[in-house]
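Counting in this note's numbering, the sequence shown tops out at residue 486, every number present. Notes follow the structure.
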Amino acid sequence: MRDFYLYNSLSRRKEKLEPLAPPEVTLYCCGPTVYDFAHIGNFRTFTFEDILRRSLALCGWRVREVMNLTDVDDKTIAGAERAGLPLRQYTDRFIEAFFADLDELRIQRAEHYPRATDMIPEIIALVQSLLDKDHAYVSGGSVYFRLDSFPQYGRLSGVDRGGILDGARVDNDSYDKESARDFVLWKGDREESVGWESPFGRGRPGWHIECSAMSMKYFGPSLDLHCGGVDLMFPHHENEIAQSEAATGRQFVKYWVHAEHLLVEGRKMSKSLGNFYTFRQLREKGHSAASLRYLLASTHYRSQLNFTFEALQAAASAVNRLRDFKVRLDSYHPIVANYISVDFWCLEEFRARLADDLSVGEALAHLFDFVHAINRRMDVGSLGEADRNRALRELAAVDGVLDVLRPDGEVGSELEKYIEGKIEERIRARRERDFRRADAIRDELLERGVILEDTPGGTRWKIRQSDPGNRA
Ligand code: AMP
Ligand code: ZN
């Protein structure tokens, strides 16, 4: 295993990862609230978590990940009521859409995706144990966490404990930075359409408690890494720490890792500004999943990412460059007897950059230097067979993290599309016995370094190798 460093929001510095039970790394990621389609801001955080997971694997660690699906809260209940559907049926649709988007964006599946509504007995047991230990109290049929019973409250986010008002409570799942309050663990309500029986009366869980119950179910009292967007640091993650550590007496999470937000054209993404995008909307505009993935992954996770269509276009070009490079390597015919070994390799440095707090930008810069160097070798025909094969292996390993080389559905890279289009045009010309046109197309491609071969199985193409006699 390679040493891996991450910025820990709790200590506010970069730390070497020392998991509780190496080589396993336990990872908990706060998942979507499934009342609507996830937007590209959400997918920035989920893509960051995917890059983290794959980078750890590239460095030899074994990741076990849990991501919760919040399928009961104010928004899901309101959505289901508006749609006139039972809650489960309503959230099923958005969970299905979420998984479809994950697959298209090539985000690897976590090992577990528990739903809050499948976790009610565990949540009730956790609330009960907080009541038993006097860290919680019942008021008006609901159960609240007693903030002044947990003096460490506020360490993660730095929220002002002086702002804690004696006896003040909140029932909402999210609340302002200024107001650290006793927060709700169990919302009692005998009238609401959704509810479960419990020792403290009919009701439903608050949002924060589900993450503690789920992470304890799969990982026990302590885990290594806990991720989410920066907006979750307070109150959500602060509350998770309080209720978990109050219940178990053990440190809940060793490393808290938070991703910065995605902005759109320099502004907060919001429905009212009309700059709110889902992945599906971008796809309808003709943008590919691989280019969005590349864009989301390539900015450092601790910097805000300003989404623009120019940046998305630039990401598409970068993806095409990598795909063209792969096509060229695949079809390159080395002149075996005559090779000069390549002293410039990629994978080791790529891995080292990722292991340094996921410096994806630097890792990519290194990758493109490598592409450039190998392309120059191919230009002059001085890339040997062993080196060609190694370059392909390194590219595949790097793509094990980036995952952008696979074509999007049917659509290949720009170069491939261009060549395939020309070949079709030539087939049509020949069918129409316009041999002059057919030959002109062949010559046009040849000029661009593409050789056509007519075989009984159809027309094949390859990239021409330079004359080794002209080697620079
Ligand atoms: P939600 O479905 O709102 O609970 O959010 C799911 C995940 O997306 C959480 O980790 C949020 O912190 C994250 N998130 C929400 N908005 C943004 C944004 N604009 N940019 C990046 N991440 C976000
Ligand atoms: Zn959470």
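C-beta: ideal position from N, C-alpha, C; glycine also.
Rounded separation between residue i and residue j - CA only
| i | j | result |
| --- | --- | --- |
| residue 304 | residue 166 | 43 angstroms |
| residue 474 | residue 330 | 26 angstroms |
| residue 119 | residue 140 | 35 angstroms |
| residue 508 | residue 381 | Within the shown structure, residues of the chain are numbered from 15 to 486, placing residue 508 beyond reach of any answer. |
| residue 24 | residue 433 | 53 angstroms |
| residue 194 | residue 257 | 14 angstroms |
| residue 267 | residue 240 | 7 angstroms |
| residue 262 | residue 368 | 34 angstroms |
| residue 160 | residue 198 | 9 angstroms |
| residue 471 | residue 395 | 29 angstroms |
| residue 212 | residue 225 | 19 angstroms |
| residue 425 | residue 315 | Unreliable placement is indicated for residue 425, whose pLDDT of 41 sits below 50; no coordinate value is reported for it. |
| residue 530 | residue 438 | In this structure the chain extends from 15 to 486, so residue 530 is not present and cannot be described. |
| residue 337 | residue 66 | 23 angstroms |
| residue 43 | residue 270 | 10 angstroms |
| residue 457 | residue 375 | 40 angstroms |
| residue 97 | residue 403 | 56 angstroms |
Residue i: first and last residue of the uninterrupted beta strand (DSSP E) it sits in
| i | result |
| --- | --- |
| residue 126 | Looking at the DSSP string, residue 126 is not in any beta strand (DSSP E), and its letter there is neither H nor E. |
| residue 371 | Per DSSP, residue 371 belongs to no beta strand (DSSP E) and is neither H nor E. |
| residue 230 | Careful: residue 230 lies outside any beta strand (DSSP E), inside the alpha helix (DSSP H) at 221 to 233. |
| residue 67 | Per DSSP, residue 67 belongs to no beta strand (DSSP E); it is in the alpha helix (DSSP H), 54 to 72. |
| residue 339 | Careful: residue 339 lies outside any beta strand (DSSP E), inside the alpha helix (DSSP H) at 323 to 345. |
| residue 467 | 464 to 469 |
| residue 454 | From DSSP, residue 454 is part of no beta strand (DSSP E) but of the alpha helix (DSSP H) over 449 to 461. |
| residue 38 | 38 to 43 |
| residue 18 | Neither: residue 18 is in no beta strand (DSSP E) and is coded neither H nor E. |
| residue 158 | 156 to 159 |
| residue 293 | Per DSSP, residue 293 belongs to no beta strand (DSSP E); it is in the alpha helix (DSSP H), 293 to 298. |
Cβ-Cβ separation, residue j to residue i (assumed contact under 8 angstroms), whole Å
| i | j | result |
| --- | --- | --- |
| residue 383 | residue 19 | Not quite, the Cβ-Cβ distance comes to about 23 angstroms (not below 8 angstroms), so this is no contact. |
| residue 112 | residue 310 | So it is not a contact: roughly 16 angstroms between Cβ atoms. |
| residue 85 | residue 124 | 16 angstroms between Cβ atoms; not a contact. |
| residue 260 | residue 147 | 7 angstroms |
| residue 68 | residue 414 | 6 angstroms |
| residue 202 | residue 155 | 3 angstroms |
| residue 274 | residue 244 | 6 angstroms |
| residue 313 | residue 306 | Wrong, their Cβ atoms sit about 13 angstroms apart, outside the cutoff. |
| residue 208 | residue 216 | Going by Cβ atoms, the distance from residue 208 to residue 216 rounds to 10 angstroms, so no, they are not a contact pair. |
Assigned exposure category for residue i - 16 Cβ within 10 Å defines buried
| i | result |
| --- | --- |
| residue 431 | exposed |
| residue 83 | buried |
| residue 168 | buried |
| residue 28 | exposed |
| residue 22 | buried |
| residue 334 | buried |
| residue 452 | buried |
| residue 323 | exposed |
| residue 468 | exposed |
| residue 196 | buried |
| residue 62 | buried |
| residue 460 | exposed |
| residue 100 | exposed |
| residue 272 | buried |
| residue 449 | exposed |
| residue 33 | buried |
Proximal residues to residue i (C-beta, below 8 angstroms), its chain only, five neighbours per side dropped
| i | result |
| --- | --- |
| residue 291 | 53, 54, 278, 283 and 321 |
| residue 326 | 296, 301, 305, 306 and 309 |
| residue 422 | 302, 303 and 304 |
Closer than 7 angstroms: residue i CB and nearest ligand 4 heavy atom
| i | result |
| --- | --- |
| residue 93 | Summarising the ligand content, the structure contains ligand 1 and ligand 2 and does not contain ligand 4. |
Own chain partners of residue i with C-beta closer than 6 angstroms, once the 5 adjacent residues on each side are dropped
| i | result |
| --- | --- |
| residue 264 | 235 and 236 |
| residue 70 | 39 and 77 |
| residue 417 | 120 |
| residue 108 | 48 |
| residue 45 | 81, 82 and 83 |
| residue 136 | 227 and 231 |
| residue 164 | 256 and 260 |
| residue 253 | 197 and 222 |
| residue 487 | A question about residue 487 goes unanswered here, because the residues of the chain that appear run from 15 up to 486. |
Close beta carbons around residue i, own chain, < 7 angstroms, minus the five adjacent residues each side
| i | result |
| --- | --- |
| residue 294 | 51 |
| residue 105 | 48, 85 and 90 |
| residue 361 | 408, 411 and 412 |
| residue 480 | A caution first: residue 480 carries a pLDDT of 47, below 50, which makes its placement in the model unreliable, though a value can still be read off. Excluding residues within five positions, the ones whose Cβ falls inside 7 angstroms are 393, 394 and 395. |
| residue 144 | 150, 159, 199, 257, 260 and 261 |
Segment limits, alpha helix (DSSP H) that includes residue i
| i | result |
| --- | --- |
| residue 255 | 252 to 262 |
| residue 406 | 399 to 416 |
| residue 9 | Any answer about residue 9 is impossible in this case: the structure gives the chain only from 15 up to 486. |
| residue 104 | 101 to 118 |
| residue 93 | 88 to 97 |
| residue 35 | Note, residue 35: premise wrong, no alpha helix (DSSP H); not H, not E. |
| residue 305 | 303 to 312 |
Min CB distance residue i to chain D below 8 angstroms
| i | result |
| --- | --- |
| residue 163 | The chain labelled as chain D is not found in the depicted structure, where only one protein chain is given. |
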